[in-house]
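*Asks:*
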Amino acid sequence: MARKQLAAIDIAKYVSALLVVCIHTFPFIDINETFNTYFIQTVCRMAVPFFFTISGYFFFRKLTNDEEENKELLKRYLFRLLKIYLIWTVIYLPYTIYNYVSAGTGWIGIISYLRNFLLNGSYYHLWFLPALMTGMIIAYFLYQKKGMIFMLKVSLILYFVGYLLNVFAPLWESIPVISFLFRFFTVTITTSRNGFFFAPIFIGIGCLLARTKRLSGRFSQIALIISFALLVMEVTLYIILGMMRDLTSMYLSLIPTTYFLVNTLLTMKIPYKPTYRSMREDSLLIYTVHILFVVPLLALLPNAHIVVYFLTIALSQGFASLVVKYKKQFPILKELL
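Numbering (the numbering used here), first residue to last: 4 to 340.
(1) Using DSSP with H/G/I as helix, E/B as strand and the rest coil, what is Met4?
(2) Quick one: residues in its chain with C-beta nearer than 6 Å to the C-beta of Leu268, no 5 flanking neighbours on either side, listed in chain order?
(3) For Met42, is the classification buried or exposed, using 16 other Cβ atoms within 10 angstroms of its Cβ as the cut-off for buried?
(4) Figure out for me which residue from Phe201, Leu240, Ile316, Tyr80 has the closest Cα to the Cα of Leu155.
(5) When the Cα atoms are used, what is the spatial distance from Phe183 to Pro334?
(6) Cβ of Val298 within 7 Å of Cβ of Phe322?
(7) From Ala20 to Ser319, what distance separates their C-alpha atoms?
(8) Rounding to the nearest angstrom, what Cα-Cα distance links Ser125 and Thr99 in this structure?
(9) Taking Cβ positions, are Val170 and Met49 nearer each other than 7 Å?
(10) Find the nearest neighbour of Ser58 within the set Val93, Pro30, Gly138, Phe199, judged by alpha-carbon distance.
(11) Once you ignore the five residues that flank Met4 on each side, which residues in its own chain have a CB closer than 6 Å to its CB?
(12) Taking 8 Å as the cut-off, does the segment 86-93 touch the segment 125-135 (at least 3 CB pairs, one atom from each stretch)?
(13) Out of Tyr116, Leu301, Pro173, Leu96, point me to the one whose CA is closest to Tyr24's CA.
(14) CB-CB under 6 Å to Ile178, same chain, minus the five flanking residues each way: which ones, in chain order?
(15) Check whether the segment 57-74 touches the segment 275-283, taking contact to mean three or more Cβ pairs, one atom from each stretch, closer than 8 Å.
(16) Do you know whose CA, among Tyr262, Met151, Asn266, lies nearest Leu66's CA?
(17) With a CB to CB cut of under 7 Å and the five nearest residues on each side skipped, what residues in its chain are close to Glu237?
(18) Taking 8 Å as the cut-off, does the segment 226-236 touch the segment 258-266 (at least 3 CB pairs, one atom from each stretch)?
(19) Would DSSP call Phe62 helix, strand or coil?
(20) Out of curiosity, what's the CA-to-CA distance linking Phe53 and Lys148?
(21) Locate the alpha helix (DSSP H) running through Met49, then write down its first and last residues.
(22) Hey, how far is the Cα of Leu135 from the Cα of Arg79?
(23) Taking the Cβ atom as the reference point for each residue, do Ala142 and Ile206 lie within a distance shorter than 7 Å?
(24) Measure the beta-carbon distance from Leu250 to Arg196 and round it to whole angstroms, keeping in mind my assumption that it falls under 8 Å.
(25) In angstroms with no decimal places, state the Cα-to-Cα distance between Arg217 and Thr270.
(26) Compare the beta carbon distance of Ala123 and Thr193 with 7 Å and say whether it is the shorter of the two.
(27) Can you name the start and end residues of the alpha helix (DSSP H) that Phe341 belongs to?
As structure tokens, this is what we get:
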């Protein structure tokens, strides 16, 4: 694909990283709580599915008819993600230790950490990395076994189950027998927002976009607007029903919204600039580092969320710029990317 068609993707990656920071800082909550809720639960909730979809798109675009070559590609891909995950796990270890010591949970805390390391992320925002690894493994083997349509069907079923567990949690907690089973699920698995339920469908959408012809830009844009309107309506419904919680995120409308969003971006032709490559690298670094700044800033400025947001962006961007600038001079910095 021509570089000019990747420019929109690189820009969108950077914007998505900024939206993830919004999720963790609630920038508008001190100004208007309702607007803050809608902004986070609609615009910002598109960020992670977008990252999953683009990851699936670029991975499945590289697959060939050689099964052994494809397996090697998957191994290299997973190794890179695992390396990044382990490095950032170590970086966040002081925060992790402080949290567990403060909670005073003892051995239960250690067991909980090991569970989270495998399923939900060693630190809360890092969940995306093990989820991407798990989701990619599931999507890849479903694709290799019975093809793309089969993969999409199974992934859709997994997402629907996850949607029921994620969105309707208050309902399950109120039904006596089901509440026991749901509590067991939350104690053992914690959440359905993971690599098993959440990631495969969006990675599968990436595969669909990689393996099929582009829809026209005009049609895609109209469909995106309609899908986003449905997302807003869906969020409104859950707010009215009292289902909305902080971790509520697996909306049905996210599936078409993400598909048409990425299709639209892939049809956009923006003259490519070297800056866009930097934005691509910055997006990963901002995503991984921002919580280092969010935690102390929120403690210092608990009633100034918009200030915390912009300070976090400034510090995260500064960190990312330094890494990108000096990665050739200090090769160890490349391990962060």
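All residues carry an ideal CB built from backbone N, CA and C; glycine is no exception. Since the structure is predicted, the reported quantities are computational estimates derived from the model, not experimental observations.
*Replies:* Quick look at the numbers:
(1) Bear in mind that a pLDDT of 48 at Met4, under 50, signals an unreliable position, so the model cannot answer this.
(2) Ala11, Ile12, Ala15
(3) It should be pointed out that residue 42 corresponds to Phe in this sequence rather than to Met. By the neighbour-count rule (16 or more Cβ atoms within 10 Å), Phe42 is buried.
(4) Phe201
(5) 51 Å
(6) no
(7) 10 Å
(8) 8 Å
(9) no
(10) Gly138
(11) Bear in mind that the predicted position of Met4 carries a pLDDT of just 48, short of 50, making it unreliable; the figure below should be weighed with that in mind. Cβ within range, chain order: n/a, list empty.
(12) yes
(13) According to the sequence as given, residue 24 is Val; it is not Tyr. Ranking the options by Cα distance to Val24, first place goes to Leu301.
(14) none
(15) no
(16) Met151
(17) Tyr254, Leu255, Ser256
(18) yes
(19) helix
(20) 25 Å
(21) Segment: none, Met49 is in no alpha helix (DSSP H) and carries neither H nor E.
(22) 14 Å
(23) yes
(24) 6 Å
(25) 7 Å
(26) Checking the displayed sequence, the identity of residue 123 turns out to be Asn instead of Ala. A contact, by the Cβ cut-off of 7 Å.
(27) A query on residue 341 cannot be resolved here, the shown segment of the chain reaching from 4 to 340 and no further.
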